[in-house]
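Using my numbering, you'd call the opening residue of the sequence shown number 8 and step up by one each time.
Don't be surprised by glycine CBs; every beta carbon is placed ideally from N, CA and C.
No experiment lies behind these values; they were computed from the predicted model shown.
One structure is given below, encoded as structure tokens.
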Amino acid sequence: MSIEQKVQLVEDLFKDLEKESIQFEKSSGLSCVAGCGKCCTHPDIEASPLEFFPWAFHLFLQGEAENTLKLLAETKSATCFIYQPLAFIDKGKCGAYKYRGLICRLFGFSANTDKYGKLRLATCKIIKEGQAKKYETINESINQGLKVPIFTEYYMRLSQIDFRLGNRILPVNQALKLALEEVLRYYEYRRSTDVEIEVV
Ligand code: SF4
8 MSIEQKVQLV EDLFKDLEKE SIQFEKSSGL SCVAGCGKCC THPDIEASPL EFFPWAFHLF
68 LQGEAENTLK LLAETKSATC FIYQPLAFID KGKCGAYKYR GLICRLFGFS ANTDKYGKLR
128 LATCKIIKEG QAKKYETINE SINQGLKVPI FTEYYMRLSQ IDFRLGNRIL PVNQALKLAL
188 EEVLRYYEYR RSTDVEIEVV
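Here's what the structure looks like:
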């Protein structure tokens, strides 16, 4: 399968998730603190390279992939490379929101199964503590049938697009790096074999 096809399939998956997330947000009434961005600064964010293919492909089309790969290789920080802190305040935002990964789209508004087999909302401390009552009510509701995106289902669907790159979970900056390397290697090979690049 070509990179373009994989990007398309990942974007289709994101669209399905977006529809489900909007529905869940409406029915649960859950919301992030405006302009928070704290979850992006967590040093332990993990992701697969495949979920960042749309980001890497976009940079490739902009002619920015190689330069970004260099900058990424130089970064010593464990914070997501894409995160943009705002000056003078303890806040920030995603620098490529449209191209953020699956983990970024799922976190906060999806559920996992806990060790007792119950669904639990996978969200941050700020929501758990700041909206504690709502958080508990939502956990009860999702176990009584309120529809919520399920983490494992979306990751399973992702790995069906490309098992090697969708199933490999790495620290976020390594996932970004691998996504860029894969896209660059693919087109390098195509160039070297003189095949025309079709851009979708
Ligand atoms: S890609 Fe964007 S939303 Fe995802 S962790 Fe990085 S900064 Fe946050």
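The alpha helix (DSSP H) that contains residue i, what's its start and end?
| i | result |
| --- | --- |
| Thr86 | Segment: none, Thr86 is in no alpha helix (DSSP H) and carries neither H nor E. |
| Arg198 | Val179 to Ser199 |
| His65 | Phe60 to Leu68 |
| Ser148 | Ala139 to Asn150 |
| Ala41 | Segment: none, Ala41 is in no alpha helix (DSSP H) and carries neither H nor E. |
| Leu153 | Segment: none, Leu153 is in no alpha helix (DSSP H) and carries neither H nor E. |
| Glu160 | Phe158 to Ile168 |
| Ile110 | Leu109 to Leu113 |
| Thr75 | Ala72 to Glu81 |
Just to confirm, is the Cβ distance from residue i to residue j under 8 Å?
| i | j | result |
| --- | --- | --- |
| Ser28 | Pro156 | yes |
| Cys87 | Ile134 | no |
| Gly115 | Cys46 | yes |
| Gly44 | Lys98 | yes |
| Leu20 | Arg164 | yes |
| Phe67 | Val190 | yes |
| Ile10 | Tyr193 | yes |
| Tyr106 | Trp62 | yes |
| Gly36 | Lys141 | yes |
| Phe59 | Val14 | no |
| Ala85 | Leu187 | no |
| Ala182 | Ser55 | yes |
Thinking just about the alpha-carbon of each residue, which of the options is nearest to the one in residue i?
| i | options | result |
| --- | --- | --- |
| Leu24 | Phe88, Gly108 and Arg192 | Gly108 |
| Asn119 | Cys111, Arg112 and Leu128 | Leu128 |
| Leu57 | Arg198, Thr200, Tyr161 and Ser199 | Tyr161 |
| Lys26 | Leu113, Ser199, Leu185 and Gly42 | Leu113 |
| Ile145 | Ser34, Phe158 and Ala186 | Ser34 |
| Val17 | Gly102, Gln151 and Ile168 | Ile168 |
| Glu81 | Lys184, Asn150 and Glu32 | Lys184 |
| Glu32 | Gln69, Thr130, Cys101 and Met8 | Thr130 |
| Ile89 | Gln69, Ser117 and Cys111 | Cys111 |
| Phe158 | Ser117, Arg198, Lys100 and His49 | Ser117 |
| Pro50 | Gln30, Lys22, Ala41 and Lys83 | Lys83 |
| Ala41 | Glu143, Thr200, Lys100 and Ser199 | Lys100 |
What are the boundary residues of the beta strand (DSSP E) that residue i is part of?
| i | result |
| --- | --- |
| Tyr90 | Tyr90 to Pro92 |
| Thr120 | Ala118 to Thr120 |
Give me whichever residues DSSP pairs with residue i in a beta bridge.
| i | result |
| --- | --- |
| Cys101 | Tyr90 |
| Leu128 | Ala118 |
| Glu53 | Pro178 |
Can a CB atom of chain D be found closer than 8 Å to the CB of residue i?
| i | result |
| --- | --- |
| Thr159 | The question asks about chain D, but that chain is absent: this structure has only one protein chain. |
- Query: Do the stretch 116 to 130 and the stretch 86 to 101 make contact, defined as three or more Cβ pairs closer than 8 Å?
  - Reply: Look at the beta carbons and you see the stretch 116 to 130 not touching the stretch 86 to 101: under three pairs across the two are nearer than 8 Å.
- Item | Segment contact, 8 Å Cβ cut-off, at least three pairs: the stretch 76 to 84 with the stretch 166 to 176 | With contact defined as three or more Cβ pairs closer than 8 Å, the stretch 76 to 84 and the stretch 166 to 176 are not in contact.
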